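The structure under discussion appears below in the form of structure tokens.
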Amino acid sequence: MGDAIVARGLVKTYGPVRAVDGLDLNVPEGTVLGLLGPNGAGKTTTVRMLTTLITPTAGQITVRGVDVLTHPNEVRRVIGVSGQYAAVDEHLTGYENLEMVGRLYHLGRKRARARARELLERFDLTDAADRPSKTYSGGMRRRLDLAGALVAAPPILFLDEPTTGLDPRSRIGMWDVLNELVREGTTLLLTTQYLEEADELAEDIIVIDHGRAIARGTPDQLKQQVGGERLEITLHSKADASAVVETVAALGMAGYTVDESAHKVVVPVADGTDALFEAVRRLDAAAIKPADIGVHRPTLDDVFLKLTGRPAEDETEEAVEAR
Amino acid sequence: MDAIIDGWVVAKRNLIKIKRVPDLLIFSTIQPIMFVLLFAYVFGGAISAPGVNYREFLMAGIFTQTVAFGSAITGMGLAEDMTKGIIDRFRSLPMSRAAVLVGRTTSDLINNILVVAIMAICGLIVGWRTHTNPLDVAAGFGLLFLFGYAMSWISATIGLSVRSVEVAQSAGFIWMFPLTFLSNAFVPTDTLPTFLQYVADWNPISAIVAALRDLWGNSPTGAARGAGWSMENPGLYSLITIAVILAVFVPLSIRAYRKAASR
Numbered sequence: 000m001g002d003a004i005v006a007r008g009l010v011k012t013y014g015p016v017r018a019v020d021g022l023d024l025n026v027p028e029g030t031v032l033g034l035l036g037p038n039g040a041g042k043t044t045t046v047r048m049l050t051t052l053i054t055p056t057a058g059q060i061t062v063r064g065v066d067v068l069t070h071p072n073e074v075r076r077v078i079g080v081s082g083q084y085a086a087v088d089e090h091l092t093g094y095e096n097l098e099m100v101g102r103l104y105h106l107g108r109k110r111a112r113a114r115a116r117e118l119l120e121r122f123d124l125t126d127a128a129d130r131p132s133k134t135y136s137g138g139m140r141r142r143l144d145l146a147g148a149l150v151a152a153p154p155i156l157f158l159d160e161p162t163t164g165l166d167p168r169s170r171i172g173m174w175d176v177l178n179e180l181v182r183e184g185t186t187l188l189l190t191t192q193y194l195e196e197a198d199e200l201a202e203d204i205i206v207i208d209h210g211r212a213i214a215r216g217t218p219d220q221l222k223q224q225v226g227g228e229r230l231e232i233t234l235h236s237k238a239d240a241s242a243v244v245e246t247v248a249a250l251g252m253a254g255y256t257v258d259e260s261a262h263k264v265v266v267p268v269a270d271g272t273d274a275l276f277e278a279v280r281r282l283d284a285a286a287i288k289p290a291d292i293g294v295h296r297p298t299l300d301d302v303f304l305k306l307t308g309r310p311a312e313d314e315t316e317e318a319v320e321a322r
Numbered sequence: 000m001d002a003i004i005d006g007w008v009v010a011k012r013n014l015i016k017i018k019r020v021p022d023l024l025i026f027s028t029i030q031p032i033m034f035v036l037l038f039a040y041v042f043g044g045a046i047s048a049p050g051v052n053y054r055e056f057l058m059a060g061i062f063t064q065t066v067a068f069g070s071a072i073t074g075m076g077l078a079e080d081m082t083k084g085i086i087d088r089f090r091s092l093p094m095s096r097a098a099v100l101v102g103r104t105t106s107d108l109i110n111n112i113l114v115v116a117i118m119a120i121c122g123l124i125v126g127w128r129t130h131t132n133p134l135d136v137a138a139g140f141g142l143l144f145l146f147g148y149a150m151s152w153i154s155a156t157i158g159l160s161v162r163s164v165e166v167a168q169s170a171g172f173i174w175m176f177p178l179t180f181l182s183n184a185f186v187p188t189d190t191l192p193t194f195l196q197y198v199a200d201w202n203p204i205s206a207i208v209a210a211l212r213d214l215w216g217n218s219p220t221g222a223a224r225g226a227g228w229s230m231e232n233p234g235l236y237s238l239i240t241i242a243v244i245l246a247v248f249v250p251l252s253i254r255a256y257r258k259a260a261s262r
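Here the protein sequences line up with chains A and B, keeping their order. Per numbering that gives the first Met the number 0, residue 0 is the first one in the first sequence, and the count goes up by one each step. Per numbering that gives the first Met the number 0, residue 0 is the first one in the second sequence, and the count goes up by one each step.
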């Protein structure tokens with residue numbers, strides 16, 4: 000299978016700021032690439048360049064072999080885009096929004112209408128179909144926006160932070176929808192701030208920071224790099240620490256750390272849930288009662304700390320663009 | 000062709016907004032109605048136009064002023080669009096690049112037609128009458144709307160060149176005051192100082208107004224008609240002006256749209 004999306008040496012500068020600074024990426028047909036990074040890393044700028052919305056300062060992009068810069072309209076026919084800020088008209092109803100998009104894809108009146116109904120049904124928006132979209136909740140607006148991206152059933156989908164701002168239930172609902180689309184053969188490029196989300200959806204991940212790729216790989220490779228799940232046990236007093244270490248160290252994969260000041264013992268483990276059960280059993284048998292015990296998965300912050308030696312900066316992309 | 004079909008789809012979207020948020024239509028109608036009443040009943044007694052009832056003289060001027068001011072909403076609407084997420088949706092679709100502009104100017108044309116219809120009724124109530132055949136009356140309205148449509152493209156260029164709705168609003172309105180008042184819209188130009196009379200007689204607004212008065216049989220007689228080629232051939236001068244505005248500002252606004260959108 001060929002590459003659906005290829006970008007080489009992508010650069011976008013805003014004055015002195017290099018929002019994207021020499022990024023290469025390729026997404027094979029039918030696969031999912033996650034761009035992982037904090038706010039301001041250049042994720043949105045990258046997606047906007049890949050989807051013909053802004054012109055790169057330098058670099059080449061092809062989508063299905065078509066040059067995005069010279070033939071943008073040909074590219075627009077095969078891609079669907081859903082942004083961080085829902086691209087829906089607030090005065091139009093959900094149905095009107097989708098019908099309009101269908102007409103602008105030149106589906107014809109009849110097909111545009113049928114497709115709008117179909118997508119509203121699929122995204123659970125039938126009841127709200129005839130209400131102006133400004134009355135929608137954040138999650139509903141996101142779903143409507145995604146539906147807008149799917150009107151022409153595009154083989155390639157770009158999603159910029161599809162779940163940012165959604166409550167956990169809506170987030171999982173969105174993951175289900177996306178996983179289903181990928182099963183149907185859609186090539187997907189998505190950006191996210193959540194390692195968990197990239198892990199759930201993406202086969203390949205590029206971690207970006209300051210517009211540059213700082214790590215690439217499968218979610219497993221990446222997690223191996225930063226360390227996987229770990230068991231964290233917080234104690235009432237540090238006196239218990241050595242007893243705890245004795246009791247649970249054997250559960251870990253390799254080594255453990257003791258944070259004396261926080262009365263915390265951290266043990267990297269292969270399977271968090273199993274380890275947690277076993278640890279609780281052993282601690283109970285040893286009559287040790289911890290203040291807190293839990294399994295922690297690596298977060299974007301952990302990835303950043305490991306890869307860059309500093310935590311992920313929270314800088315909004317607009318702030319970068321405004322400079 | 001795509002520009003027209005896609006433009007109509009976008010125009011329908013804008014018209015739905017007028018229906019759901021009618022405030023803009025209401026306010027763009029109140030001002031001209033106030034002008035009709037003010038000039039007809041307050042200033043009208045102090046201004047005279049030889050050979051014609053002042054209220055008949057007045058209406059062509061107010062119609063023209065209204066569509067000129069009304070064109071400012073094109074720029075405001077586009078400036079607002081550019082700040083909304085929907086523009087990204089439009090730009091990611093394989094639709095005509097001109098569709099957003101064609102759609103906006105088309106829906107504003109329809110908005111203008113609604114406003115003018117309400118004003119015409121108001122004019123008829125205060126005593127405005129036409130004295131020509133229906134074809135000429137219709138031609139007058141046609142010219143008026145064509146002029147409003149051309150003005151919309153100037154407004155579009157302004158709206159897309161500024162970065163906020165507020166700036167688009169004041170930048171769209173401010174030049175309208177001298178443009179519409181320094182004309183024959185409210186007073187015959189022969190009452191002005193010589194230099195201003197010259198400016199007013201060549202003001203395209205005066206040409207539109209004079210052409211409308213001729214087409215509706217509302218023209219004053221003698222020196223009150225104004226002087227010079229422009230006032231002798233107001234219809235032709237109007238059409239030339241409209242053609243020049245469109246030839247210059249259609250490409251300019253398309254360029255401004257591309258530039259504003261691909262930042």
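Note that beta-carbon positions come from the ideal geometry of N, C-alpha and C, so glycine has one too. Being a predicted model, the structure only gives us computed values, none of them experimental.
**Q.** Short CB-CB distance (under 8 angstroms) between A6(A) and chain B
**A.** no
(Q) Excluding the 5 residues flanking S182(B) on each side, which residues of the same chain have their C-beta closer than 7 angstroms to its C-beta? (A) Answer for S182(B): A199, N202, I204, S205, V208, listed in chain order.
(Q) Please classify G14(A) as buried or exposed, where buried requires at least 16 neighbouring CB atoms within 10 angstroms. (A) exposed
(Q) Restricting to runs no shorter than 4 residues, where is the alpha helix (DSSP H) found entirely within the stretch 45-84 of chain B? (A) 53-69, 71-82
Q. So, R96(B) versus I253(B), is the Cβ gap smaller than 8 angstroms?
A. yes
(Q) So if I threshold CB-CB distances at 7 angstroms, which residues from the stretch 88-102 of chain A count as touching chain B? (A) Within the stretch 88-102 of chain A, D88, H90, L91, E95, M99, V100, R102 place their CB atoms closer than 7 angstroms to a CB of chain B, listed in sequence order.
Q. To the nearest whole angstrom, what separates the beta carbons of G147(B) and L113(B), a pair I think is in contact under 8 angstroms?
A. That pair is no contact at about 12 angstroms.
Q) On the three-state DSSP scale, how would you describe G227(A)? A) coil
Q. Hey, is the stretch 276-296 of chain A in contact with the stretch 213-231 of chain A, meaning 3+ C-beta pairs nearer than 8 angstroms?
A. yes
Q. How long is the line joining the alpha carbons of R322(A) and R162(B), rounded to whole angstroms?
A. Reliability of the predicted coordinates at R322(A) is poor, the pLDDT of 37 falling under 50, and the value obtained from them is presented with this limitation in mind. One C-alpha to the other measures close to 15 angstroms.
Q: Report the rounded CA-to-CA distance for P218(A) versus L200(A), giving the unit in angstroms.
A: When the Cα atoms are used, P218(A) and L200(A) turn out to be separated by approximately 10 angstroms.
(Q) Let me see if you follow: with CB-CB separation under 8 angstroms, is V101(B) close to chain A or not? (A) no
Q.
Less than 6 angstroms between C-beta atoms, sequence neighbours within five positions excluded: which residues of the same chain meet that for L24(B)?
A. Result list for L24(B): I17, in chain order.
Q.
Taking only three categories from DSSP, how would you classify N25(A)?
A. strand
Q) chain A beta carbons: is any one of them nearer than 8 angstroms to that of K258(B)? A) no
Q) What is the C-beta distance between A242(A) and I171(A), in whole angstroms, given that I count them as a contact (C-beta under 8 angstroms)? A) Actually they are not in contact, since the Cβ atoms of A242(A) and I171(A) sit about 39 angstroms apart, beyond 8 angstroms.
Q: Would you kindly work out how many angstroms separate the C-alpha atoms of V50(B) and A119(B), rounded to a whole number?
A: Note on identity: in this sequence residue 50(B) is Gly, with Val being the wrong assignment. If I take the Cα positions, the gap works out to 22 angstroms.
(Q) So, with DSSP's three-state summary, where would you put S236(A)? (A) coil
Q: Round the Cβ separation of T104(B) and S27(B) to the nearest angstrom and send it over; I've been treating them as touching at under 8 angstroms.
A: Between S27(B) and T104(B) the Cβ distance is about 15 angstroms, and since that is not below 8 angstroms, they are no contact.
Q) Thinking C-beta only, is D20(A) closer than 8 angstroms to R7(A)? A) no
Q. Is the beta carbon of L180(A) sitting closer than 8 angstroms to the one on L156(A)?
A. yes
Q) Between the stretch 88-100 of chain B and chain A, which residues of the former have CB atoms less than 8 angstroms from a CB of the latter, in chain order? A) The residues in question are R88, F89, R90, S91, L92, P93, M94, A98.
(Q) Taking 8 angstroms as the threshold (beta carbon to beta carbon), is N38(A) in contact with chain B? (A) no
Q. Contact check, P153(A) vs V77(A) under 8 angstroms by CB: the rounded distance?
A. That pair is a contact at about 6 angstroms.
Q: Consult DSSP for F89(B) and reduce its assignment to one of helix, strand or coil.
A: helix
Q. Is the stretch 49-56 of chain A in contact with the stretch 84-92 of chain A, if contact means three or more CB pairs nearer than 8 angstroms?
A. With fewer than three CB-CB distances shorter than 8 angstroms, the stretch 49-56 of chain A does not count as touching the stretch 84-92 of chain A.
**Q.** Sequence-distant residues of its chain with Cβ nearer than 7 angstroms to I157(B) (five each side left out)
**A.** G74, A167, A170, G171
Q: Could you confirm whether any beta carbon from chain B is found closer than 8 angstroms to the beta carbon of T50(A)?
A: yes
(Q) Count Cβ pairs between the stretch 49-64 of chain B and the stretch 122-134 of chain B that sit closer than 8 angstroms; are there 3 or more? (A) yes
Q | Close beta carbons around A212(A), own chain, < 8 angstroms, minus the five adjacent residues each side | A | L22, D23, L24, I205, V206
Q. Under a three-way DSSP split, which group does D88(A) fall into?
A. coil
(Q) Less than 6 angstroms between C-beta atoms, sequence neighbours within five positions excluded: which residues of the same chain meet that for G184(A)? (A) For G184(A), where only same-chain residues beyond five positions count, the Cβ hits under 6 angstroms are G29.
Q. Which first and last residues belong to the alpha helix (DSSP H) in which Q59(A) is found?
A. First-last for Q59(A): 57-62, but that is the beta strand (DSSP E), not the alpha helix (DSSP H).
(Q) Less than 6 angstroms between C-beta atoms, sequence neighbours within five positions excluded: which residues of the same chain meet that for I32(B)? (A) C121
Q: Please state if the CB of G33(A) and the CB of G210(A) are separated by a distance shorter than 8 angstroms.
A: Using a Cβ distance threshold of 8 angstroms, G210(A) and G33(A) do not count as a contacting pair.
Q.
Check for me: the alpha helix (DSSP H) holding K42(A) runs from which residue to which?
A. 42-49
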